[in-house]
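Colleague:
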Amino acid sequence: MRTKATTLLAAGMLLCLALVLSACGAAAPGAGGQEQLTDAVQTAVAATGVAETEMAATVAAAVEETVAAQPTATETGADEATPTTAADVATPTAAAVEATPTAAEIVQEQAATEAPEDPAPTAEPATAPEPTAMPETEPTALPDASTMSEEELAALIDEAVAEAVAASEDVTTTTDQVASDGSISEAEIEEIEALLAESDELIALAYDLMDMYYDVYSYADEALAVLTEMEDDLAYITTSLDSIAKIMVQGSEAATQAIAELEIVLADAGSWQQAAQAKNDVWMMTVDSDTQQRIADALAFAPNEIASDRAAAIQSATAYLEGVKGGLADQIITAEELAAISQQGANAVASIQSAGGRQLEKLAQPINDLTAQLAGGELPAARAGLAELEGVLAGLR
2 MRTKATTLLA AGMLLCLALV LSACGAAAPG AGGQEQLTDA VQTAVAATGV
52 AETEMAATVA AAVEETVAAQ PTATETGADE ATPTTAADVA TPTAAAVEAT
102 PTAAEIVQEQ AATEAPEDPA PTAEPATAPE PTAMPETEPT ALPDASTMSE
152 EELAALIDEA VAEAVAASED VTTTTDQVAS DGSISEAEIE EIEALLAESD
202 ELIALAYDLM DMYYDVYSYA DEALAVLTEM EDDLAYITTS LDSIAKIMVQ
252 GSEAATQAIA ELEIVLADAG SWQQAAQAKN DVWMMTVDSD TQQRIADALA
302 FAPNEIASDR AAAIQSATAY LEGVKGGLAD QIITAEELAA ISQQGANAVA
352 SIQSAGGRQL EKLAQPINDL TAQLAGGELP AARAGLAELE GVLAGLR
């Protein structure tokens with residue numbers, strides 16, 4: 002190949018020399034010079050023709066070698082025919098170039114697919130992190146019983162029980178609805194469990210308020226009887242809700258299989274919900290009637306010790322105020338304390354009216370009012386009345 006290229010180069014040089022000699026011959030023509038020029042031109046042309054023939058043969062041989070080196074359609078499985086011309090080998094089509102991605106493109110595509118978008122640098126933990134515990138629901142803050150009257154606390158209980166029963170009804174109604182199609186899904190279980198959590202919280206609040214009432218107004222016999230029944234009803238409701246929760250925690254398949262059992266639980270819960278609501282409907286009326294009866298009973302005490310002079314009347318009034326102060330010291334009035342205070346109040350009023358004179362007579366009604374406040378569960382008003390009476394009595398001594 003290299004020798005044939007050299008021959009072509011030599012022929013080209015001879016052709017150039019012939020052209021130079023032709024120019025020289027035109028300037029100094031002569032018979033001998035003309036013949037020599039003609040011979041040189043013919044020789045150069047002949048050499049050029051030989052070189053072209055050899056070059057064509059070389060190109061053809063190169064094409065055959067290239068074609069032989071290409072894999073056949075059978076070997077590659079390709080649908081297109083193998084190119085058989087020099088042009089086809091030397092110049093691949095644009096479609097062939099676009100169909101074959103480069104390695105860089107493949108790597109970039111994989112990196113774009115596997116790598117997260119805008120990854121933020123994170124420090125590798127030394128140990129596996131502990132699973133995050135679900136935050137516990139903060140208990141509802143309870144009011145201070147010493148700052149409210151019995152009627153106000155009873156109203157809170159009334160509202161809390163109504164909300165607790167309603168929340169439990171949400172649980173049972175929803176459970177019945179989701180089970181009506183014969184299956185319970187995981188999403189439906191999550192819904193029921195959320196309602197159970199809310200119901201538990203409201204029932205717990207109702208229990209806490211009931212406990213406060215028990216502690217402060219242990220002498221409210223009729224009201225406490227209704228309260229105890231309401232508390233029992235809530236306990237049965239809680240048992241039913243616990244049964245539902247135990248079924249739901251087992252998952253969709255187990256809950257679906259336990260639909261028949263759930264129907265029994267729901268029926269029980271419904272009966273206790275109705276009972277609790279019935280008790281709650283009469284709760285406030287019972288508290289009111291009980292309060293009025295206690296006030297009447299406290300003021301109905303007959304005096305068993307009446308002072309014979311003004312000093313003894315003042316002493317009787319002072320003993321009454323001391324008894325009230327002692328009863329309010331722990332923010333709770335017991336039945337025994339109320340009875341003792343009522344008796345002291347009856348004695349003080351009778352003594353003032355009998356031997357206290359005109360100045361002390363004006364204390365009789367405030368003493369009865371204070372006794373009524375204590376019996377009626379108006380502890381904040383009773384504390385204010387006690388302080389006022391102490392001031393008045395101090396000025397009369």
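Just so you know, the sequence shown maps onto residues 2 to 398 in the numbering used here. Note that the Cβ used here is the ideal one computed from N, Cα and C, for glycine as well.
Which term fits ARG384, buried or exposed, when burial requires 16 or more other beta carbons within 10 angstroms of its beta carbon?
Modeller: It counts as buried.
Colleague: Look at the Cβ atom of THR372, then the Cβ atom of ALA299, and state whether they are nearer than 8 Å.
Modeller: Against a cut-off of 8 Å, the Cβ pair of ALA299 and THR372 comes out as a contact.
Colleague: Are the CB atoms of ALA207 and ALA161 nearer to each other than 8 Å?
Modeller: Closer than 8 Å, so yes.
Colleague: Straight-line CA distance for LEU364 to ASP159?
Modeller: The alpha-carbon atoms of LEU364 and ASP159 are separated by roughly 37 Å.
Colleague: List the endpoints of the continuous alpha helix (DSSP H) containing LEU390.
Modeller: It spans 380–397 - the alpha helix (DSSP H) in which LEU390 sits, taken as one unbroken run.
Colleague: With a cut-off of 8 Å on the beta carbons, I'd call SER316 and VAL166 a contact; round off their distance for me.
Modeller: Residue 316 is actually Gln in this sequence, not Ser. 53 Å between Cβ atoms; not a contact.
Colleague: Could you tell me if ASP119 is buried or exposed, where buried requires 16 or more neighbouring beta carbons within 10 angstroms of its beta carbon?
Modeller: Low local confidence applies: a pLDDT of 44 at ASP119 is under 50, so the model's placement there is unreliable, with the coordinate-based value given in what follows. The residue is exposed, with fewer than 16 neighbouring Cβ atoms inside 10 Å.
Colleague: Work out the CA separation of GLN366 and ASP233 for me, nearest whole Å.
Modeller: Taking the straight line joining both Cα atoms gives about 42 Å.
Colleague: Determine, using beta-carbon pairs with one atom in the region 236–256 and one in the region 174–191, whether at least three such pairs fall under 8 Å.
Modeller: The answer is yes - the region 174–191 touches the region 236–256, with three or more Cβ pairs under 8 Å.
Colleague: What is the DSSP secondary structure of ASP182, counted as helix, strand or coil?
Modeller: It is coil, neither helix nor strand.
Colleague: So what's ALA312 in DSSP terms, helix, strand or just coil?
Modeller: Residue state, collapsed to three classes: helix.
Colleague: Where do the ends of the alpha helix (DSSP H) carrying GLN374 lie?
Modeller: Element bounds for GLN374: 365–376.
Colleague: For GLY357 versus ALA314, is the C-beta distance shorter than 8 Å?
Modeller: Yes, the Cβ-Cβ distance between GLY357 and ALA314 is below 8 Å.
Colleague: Classify GLN251: buried if its beta carbon has 16 or more other beta carbons within 10 angstroms, exposed otherwise.
Modeller: Looking at its Cβ environment, which holds fewer than 16 other Cβ atoms inside 10 Å, GLN251 is exposed.
Colleague: Considering Cα atoms alone, identify which of LEU339, GLU362 and GLU323 is closest to ALA388.
Modeller: If we check each option's Cα against that of ALA388, GLU323 comes out closest.
Colleague: Leaving out the 5 sequence neighbours to the left and right, which residues in its chain are closer than 6 Å to LEU397 when beta-carbon positions are compared?
Modeller: Answer for LEU397: GLN360, listed in chain order.
Colleague: Tell me where the alpha helix (DSSP H) around THR239 begins and ends.
Modeller: Segment 222–249, the alpha helix (DSSP H) holding THR239.
Colleague: Return yes when the Cβ of ALA270 is within less than 8 Å of the Cβ of THR175, no when it is not.
Modeller: No. Outside cutoff.
Colleague: Closest by CA to SER181, which one among ASN348, LEU267, SER343 and THR287?
Modeller: Among ASN348, LEU267, SER343 and THR287, the Cα nearest to that of SER181 is on LEU267.
Colleague: Using only alpha-carbon positions, find the residue among GLU202, PRO144, SER150 and ASP145 that is nearest to LEU380.
Modeller: Nearest of GLU202, PRO144, SER150 and ASP145 to LEU380, Cα basis: SER150.
Colleague: Could you give the residue range of the alpha helix (DSSP H) that holds SER290?
Modeller: Its alpha helix (DSSP H) spans residues 260–300.
Colleague: Excluding sequence positions up to five away, which residues of its chain have a Cβ less than 8 Å from the Cβ of TYR321?
Modeller: Result list for TYR321: ILE342, GLN345, GLY346, ASN348, ALA349 and ILE368, in chain order.
Colleague: Label GLY328 either buried or exposed according to how many other C-beta atoms from any shown protein chain fall within 10 Å of its C-beta, with 16 as the threshold for buried.
Modeller: Buried: at least 16 other Cβ atoms inside 10 Å.
Colleague: Buried or exposed: which applies to GLY378, given that a residue is buried once 16 or more other Cβ atoms fall within 10 Å of its Cβ?
Modeller: So GLY378 ends up on the buried side.
Colleague: In three-state DSSP terms, what is SER219?
Modeller: SER219: coil per DSSP, three-state reduction.
Colleague: Is ASP201 helix, strand or coil by DSSP?
Modeller: The answer is helix: DSSP assigns ASP201 an H, G or I state.
Colleague: Suppose the cutoff is 8 Å on Cβ atoms and the five residues either side in sequence are ignored; what does the same chain contact list for LEU196 look like?
Modeller: Here the set comprises ALA168, ASP171, VAL172 and THR175.
Colleague: Alpha carbon to alpha carbon, how far is LYS247 from THR292? Give it in angstroms, no decimals.
Modeller: Taking the straight line joining both Cα atoms gives about 42 Å.
Colleague: Buried or exposed: where does ALA308 fall if 16 or more other Cβ atoms within 10 Å of its Cβ makes it buried?
Modeller: So ALA308 counts as buried.
Colleague: Buried or exposed: GLY386, going by 16 or more other Cβ atoms within 10 Å of its Cβ?
Modeller: Per the 10 Å Cβ criterion, buried.
Colleague: Once the 5 residues before and after TYR237 are set aside, which same chain residues still bring their CB inside 6 Å of it?
Modeller: Around TYR237: TRP273.
Colleague: Would you kindly check if the distance between the Cβ of LYS280 and the Cβ of GLU230 is under 8 Å?
Modeller: Yes, the pair counts as a contact, with Cβ atoms nearer than the cut-off.
Colleague: Helix or strand or just coil, what does DSSP make of ILE307?
Modeller: Here ILE307 sits in coil by DSSP.
Colleague: When the Cα atoms are used, what is the spatial distance from GLN354 to PRO304?
Modeller: Cα to Cα, the separation comes out at about 12 Å.
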